[in-house]
Amino acid sequence: MTTMRSAAGLCVLLAAGAASAQYSAGGIKVGLLTDMNGVYSAISGPGSQKAAEMAADDFMKANKDFAGKVTVIAVDHQNKADIASNKASEMYDRLDVDAIFDTVNSACALATSAIAAQRKKVFIDTGAGTSELTNEKCNKFTFHYAYDNYMLANGTGTTIAKQGGKTWYMIYPNYAFGQNLERQFRAAVEKNGGKLVAPSDATPFPNTDFSTYLLKAQSLKPQVFGTMQAGADLVNVVKQYNEFGLKKQNIGLAIGLLFESDIAALGQDAYQGAIATVPWFWNLDKAATDWSAKFEKAAGKKPTFDQAAVYSAVTQYLQAVKRAKTDEGEKVVAQLEGHKFNDFFARNAQIRKEDHRTILDVYQVQVKPKSEAKAEGDYYKEVNKTPADQAFTPLSESKCKMAQ
Amino acid sequence: MQDGAVTLLFIQIFNGLVNGAFYALLSLGLAVIFGMLRIVNFAHGALYMLGAFTAYALGEKFGLGFWASLAIAPLSVGLFGMLLERTMIRRLYDLPASYNLLLTFGLTLVIQDGVRLIYGISGQPYAPPQQLSGATNLGFIFFPTFRLFAIVVSVVVCSVTWFVIERTRVGAVIRACTENPTITRAFGIDVSLWVTAVFGFGSALAGLAGVLAAPIYSVDPLMGSELIITTFAVVVIGGLGSILGSVVTGYAVGVLVAIGSALYPPIANTLIFILMALVLLLRPSGLFGLQEAR
Amino acid sequence: MNARRWIVRIGVLLVLLLLPRMIYPVLAVDILSWGLFALAFDLVFGYAGLLSFGHAMFWGTSGYVTANVLLRTGLPVPIAILAGTVAALVLALPTGYLSIRSAGIYFSMITLAFAQMVDFIARQADQFTGGDNGLPGIPRPALGPIHFDNPLHLYYFTLALAALGYLVAARAIESPFGQALRAIRDNRVRAQSVGYNPRVQMLVAFLLSAGLSGLAGGLHTVGHGVVSLDAVNWSTSGIVVMMTLLGGTGTLLGPLVGATLVLLLQDALAFSTSASGVVTGAVFALTVLFFRRGVVGTLLALDLRRRAGERLIGAAK
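Quick mapping for you: the protein sequence lines, in order, are chains V, S and B. Here the first sequence stands for residues 1202 to 1605, where the numbers follow this note's numbering. Here the second sequence stands for residues 2 to 295, where the numbers follow this note's numbering. Here the third sequence stands for residues 13 to 329, where the numbers follow this note's numbering.
#1: Mind checking if residue 1266 of chain V is an interface residue toward chain B, Cβ cutoff 8 Å exclusive?
#2: Straight-line CA distance for residue 132 of chain S to residue 165 of chain S?
#3: Name the chain S residues whose beta carbon is nearer than 8 Å to that of residue 300 of chain B?
#4: Any beta carbon from chain V within less than 8 Å of residue 12 of chain B's own beta carbon?
#5: Pick from B:145, B:327, B:52, B:254: whose alpha carbon is nearest that of residue 216 of chain B?
#6: Distance check for residue 263 of chain S and residue 47 of chain B, CA to CA, integer angstroms please.
#7: Around the Cβ of residue 7 of chain S, are there at least 16 other Cβ atoms within 10 angstroms (buried) or fewer (exposed)?
#8: Can you list, in chain order, the residues of its chain with a C-beta nearer than 7 Å to that of residue 1158 of chain V? Leave out the 5 residues immediately preceding and following it.
#9: Pick out whichever of V:1516, V:1602, V:1520, V:1344 has its Cα sitting closest to the Cα of residue 1254 of chain V.
#10: So residue 246 of chain B contacts chain S; which residues on that side make the cut at Cβ distance below 9 Å?
#11: Rounded to the nearest angstrom, what separates residue 1299 of chain V and residue 1584 of chain V at their Cα positions?
#12: Using a Cβ-Cβ cutoff of less than 6 Å, which residues in the same chain neighbour residue 14 of chain B once the five nearest sequence positions on both sides are dropped?
#13: Please identify the residue among B:123, B:88, B:73 whose C-alpha is closest to the C-alpha of residue 239 of chain B.
#14: Using a C-beta to C-beta distance shorter than 7 Å, which residues of chain S count as neighbours of residue 191 of chain B?
#15: So does the stretch 1549 to 1558 of chain V actually touch the stretch 1584 to 1593 of chain V, counting three or more Cβ pairs closer than 8 Å?
#16: Would you call residue 97 of chain S buried or exposed, if buried means 16 or more other Cβ atoms sit within 10 Å of its Cβ?
#17: Can you round the beta-carbon distance between residue 330 of chain B and residue 103 of chain B to whole angstroms, since I take them to be within the 8 Å contact cut?
#18: Roughly how many angstroms separate the alpha carbons of residue 1313 of chain V and residue 1333 of chain V, rounded to a whole number?
#19: Nearest by alpha-carbon distance to residue 1247 of chain V: which of B:32, B:284, B:24 is it?
#20: Which runs of the alpha helix (DSSP H), 4 residues or longer, sit entirely within the stretch 1322 to 1388 of chain V?
#21: Compare the C-beta of residue 238 of chain B against all C-beta atoms of chain V and say whether one is closer than 8 Å.
#22: Between the C-alpha atoms of residue 1222 of chain V and residue 24 of chain B, what's the straight-line distance to the nearest angstrom?
#23: In this structure, how does DSSP classify residue 1606 of chain V when only helix, strand and coil are distinguished?
#24: Please go through the stretch 10 to 96 of chain S and give each complete beta strand (DSSP E) segment of 3 or more residues, from N-terminal end onward.
#25: Near residue 1257 of chain V, what residues of its chain come up, given a Cβ to Cβ distance below 8 Å and the 5 sequence neighbours on each side ignored?
#26: Would you say residue 258 of chain B and residue 299 of chain B are within 8 Å of each other, going by their C-beta atoms?
#27: By Cβ distance below 6 Å, which residues in the same chain neighbour residue 222 of chain S in space, the five residues on each side in sequence not counted?
#28: For the beta strand (DSSP E) containing residue 1234 of chain V, list its first residue and its last residue.
#29: Apply the 10 Å Cβ neighbour rule to residue 314 of chain B and answer buried if 16 or more other Cβ atoms are within range, or exposed otherwise.
#30: In the DSSP assignment, what are the bridge partners of residue 1396 of chain V?
#31: May I have the straight-line CA-CA distance separating residue 1241 of chain V from residue 1340 of chain V, to the nearest angstrom?
#32: So, helix, strand or coil for residue 304 of chain B, using DSSP?
#33: Classify residue 1596 of chain V: buried if its beta carbon has 16 or more other beta carbons within 10 angstroms, exposed otherwise.
#34: 8 Å is my cut-off, CB to CB: does residue 1331 of chain V come that close to chain B?
#35: Under 8 Å between beta-carbons, which chain S residues line up against residue 1407 of chain V? List them in chain order, please.
#36: Which word fits residue 34 of chain B, buried or exposed, when buried means at least 16 other C-beta atoms lie within 10 angstroms of its C-beta?
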């Protein structure tokens, strides 16, 4: 069936002539494969779809000869890796999608990455954390855009240790993401003169009650209590961290992965003083604030950093397509590799050729109390910036085959 | 250092009892519905979640505080449960229990997703009432005051329920309805009305557990979904038909999970299933159960 | 009547042969693997009357073993699937033996308990399972002229093996063994008094069910090239129950029809951005309330009524 379609496609190409023949199926189709209804839908979901659509519209407005040629399609993978791989195949094969974006959930991201390599089409992940996408499982068509575990751990661990948080006790969810993140945090803390007062505890995943570990922290009395939990688990950790009064006992809070929706779930006073690393936040600077206002008008809420990353990634992709004068996978990849850029989301950014990791400046932020917030959703105070060339896995340590 | 380890263990056991009180209260409602009526109510977790969200909504929309919610939410969840029983669940009594399981599973999906559509997937903030906020200095640890309150509520409610069902005429009627409906009806007792009432009571208990959970745990649409199979396990281990069994098992599981978390955390949530398998193999009718299991 | 049955079966076979031309082939492969899984589940549910909450453990274990054979050795795809099936059978021996001792809701709970333990082990043994990341990008070396990257080749290969599984199940159901199962389901004591040994029959049914679930799981893994913790999650056990109920338990084609409906529903919902849980849950609840016999069951009942009516009219003449 595939050979028949290729033959038919070839005929169309020859018949249609030069001008509109550059783009497969007559246009550029941007695909969004992510969690639309489940636990990550607040971080990504319909908001990411809106971001992708905005990016497509803005690109077409700025490039008149692309008018009407770019479409966006959004698909729900329901956080299941087998559905993700099915839908990715379907999107690339049957729906003529040229590039897939976002894909939260590391298992789904890895599955999609494998399909992208097989189909020789672009996959730019913004939503998942696993650094395997640019290490052990890297491939020619996969790009990792916004954040990854190394960046989170290295940024937060280093900053806090340098600031004086030398003794640590950490908990992490017992799966690849959590294990990975804990390992990186430990390395960063120890590299900067800190130490763990007890081995980190792996908690069941998912989990609601963290009293065991908070009580343990009370008796261990570290300067920092680190949590690698994410999403609903993180909300429970922070709620109970406050319940058990750890802050009053001078045990600070370090968070592995923090999203704006997590803060909204409890109100920012619950997170006050906690430190985390983010690639971006809505009121980072004027460019960010302006874009966020546009997004809020279209989507009804302020953007999470994943949604902003989707807009940026789609825009960069479309511009790469423009430079390549085609949407054929390999040629666009060649245009993306090594590309340096600056936009409202990524500053001093570059898409590394060796492992397809996008490096960008990232920020260590501290959650401010509601009393200091100047607007609804003003959560963060920037306490440190890690420049792009230091924030991500150094190439010398990369496990990516392409980088060797 | 040895002394520290012993203290830590003692702390964890104490914490386990507090958590156990929570399991016991949550299992109580299911023990009444599942244990006595033999209705496999998979929606129990969703009803618990509704209790928490009702408390949140009462605060958000009507400015009613925790104490008012503690009274109102269980009642409204109980009424909702009775509505479900009267309109849908009772149609399946003549069929094997599995059909009610499947129906209530479908209802759970509808309720959870319905709440998600209204409130979103992330949690809603809910704080304990002023009088119970903060932590109490128990000498060896600082323990959240609200949790101490919750354990008191749990003990009271479990004791009263046990007493009513095992020692009063009301309880005798309920037990008669479930054990031999035909003869009970012959005595002039409206069995179907009693069943609805008991189902409502069990649902109200779930709602109560939800209100008590709101200040401690994240109030989100899926908050009941992982708890539900654990709760079933507690009731089965305790023995179907035994209120005492569920309550005792609830406390025991709380302590077991706490010790597990202290020694080898990853297995903490699986321990209960290992325990359930062992109990079903060695004592098929559960620890305190009286019914035939084969 | 026999002729009619064969017409229906040949009709279904024709549809299956043409399926990849009607819908996306990858979805068609899913219909086959889930359909076989649902039939395997129904062997125990519809015919032996036992609701298992743990069938995902056979589907998933087989999936992981199949994946590991393909990832770590160069053995051909059918061998890998066979290894998975055998692994499911090996798992079924102790779990089946222990579970069969209970009945009713206790059987369901104990199978759930075992499944949760398998889930835990799968999570911990991330050397073999990839933990939460799963095992993506599983290689599927060509088997002679069959190239598994070609969706059509993959589909017909899956169809061949799934049909084999179906035949095995059908033979079992229509044999004296199947009748014994039904007798035990309807009245255990009476069946015992006639000389059947319920324990043995049910264990055999359980093993057969587990083996076929394993075959289905292996096919599914090969079909997707990926396996993850979803395969051993209790919600997977729930989905297969839903498929069976929707299609019609106790019928040969019911589970396949149910699987098709659920997968098509899921597929349609993937393109919507909201309310998928409400729709799925409502479909489920309404089916259980009003449509308990499922699609095939209802069709059979209507057909039976019609023919009984015909006979009455014939007798009256």
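For each residue, glycine too, the CB sits at the ideal point set by N, CA and C.
According to the structure shown:
#1: Output row for residue 1266 of chain V: interface = no.
#2: One C-alpha to the other measures close to 31 Å.
#3: Neighbours of residue 300 of chain B on chain S, chain order: 93, 100, 103, 104, 107.
#4: There is simply no residue 12 of chain B to check, as chain B begins at 13 and stops at 329 in what is shown.
#5: Nearest option by C-alpha distance: B:52.
#6: Each residue's Cα considered, the two are about 43 Å apart.
#7: Taking a 10 Å sphere around the C-beta of residue 7 of chain S, we find fewer than 16 other C-beta atoms and assign the residue as exposed.
#8: Outside the displayed range of chain V (1202 to 1605) lies residue 1158 of chain V, so it cannot be described from this structure.
#9: Its Cα nearest to that of residue 1254 of chain V, the residue V:1516 stands out among V:1516, V:1602, V:1520, V:1344.
#10: Near residue 246 of chain B (Cβ distances below 9 Å), the residues of chain S are 230.
#11: Straight across, the Cα-Cα distance linking residue 1299 of chain V with residue 1584 of chain V is about 40 Å.
#12: Answer for residue 14 of chain B: no residue qualifies.
#13: Looking from the CA of residue 239 of chain B, the closest CA among B:123, B:88, B:73 belongs to B:73.
#14: Residues of chain S whose Cβ lies closer than 7 Å to the Cβ of residue 191 of chain B do not exist; the shortest such Cβ separation is about 20 Å.
#15: The stretch 1549 to 1558 of chain V is in contact with the stretch 1584 to 1593 of chain V.
#16: Under this definition residue 97 of chain S is an exposed residue.
#17: The structure shown has nothing for residue 330 of chain B, since chain B only spans 13 to 329.
#18: Distance between the alpha carbons of residue 1313 of chain V and residue 1333 of chain V is about 13 Å.
#19: From the listed residues B:32, B:284, B:24, the smallest Cα separation to residue 1247 of chain V is found for B:284.
#20: Fully enclosed alpha helix (DSSP H) runs of no fewer than 4 residues occupy 1350 to 1364 of the stretch 1322 to 1388 of chain V, in order along the chain.
#21: Chain V contact via Cβ: present.
#22: Note that residue 1222 of chain V scores a pLDDT of 44, beneath 50, so its modelled location is shaky and nothing firm can be said.
#23: As displayed, chain V neither begins before 1202 nor continues past 1605, which places residue 1606 of chain V out of reach and without an answer.
#24: The DSSP assignment places no complete run of the beta strand (DSSP E) inside the stretch 10 to 96 of chain S (cut-off: 3 residues).
#25: Cβ-Cβ distances below 8 Å link residue 1257 of chain V to 1231, 1271, 1272, 1273, 1515, 1519 in the same chain, with the five nearest sequence neighbours on each side left out; the list follows chain order.
#26: A contact, by the Cβ cut-off of 8 Å.
#27: The beta carbon of residue 222 of chain S sits closer than 6 Å to the beta carbons of 113, 116, 117 from its chain, once the five residues preceding and following it are set aside; these are given in chain order.
#28: Note, residue 1234 of chain V: beta strand (DSSP E), 1229 to 1235.
#29: Residue 314 of chain B should be labelled exposed.
#30: Per DSSP, V:1368.
#31: Approximately 25 Å, taken between the alpha carbons.
#32: Taken through DSSP and simplified to helix, strand or coil, residue 304 of chain B comes out as coil.
#33: Its Cβ having fewer than 16 others within 10 Å, residue 1596 of chain V is exposed.
#34: Chain B contact via Cβ: present.
#35: For residue 1407 of chain V, the chain S residues whose Cβ falls inside 8 Å of its Cβ are 227, in order along the chain.
#36: If you draw a 10 Å sphere on the C-beta of residue 34 of chain B, you find fewer than 16 other C-beta atoms in it, and that means exposed.
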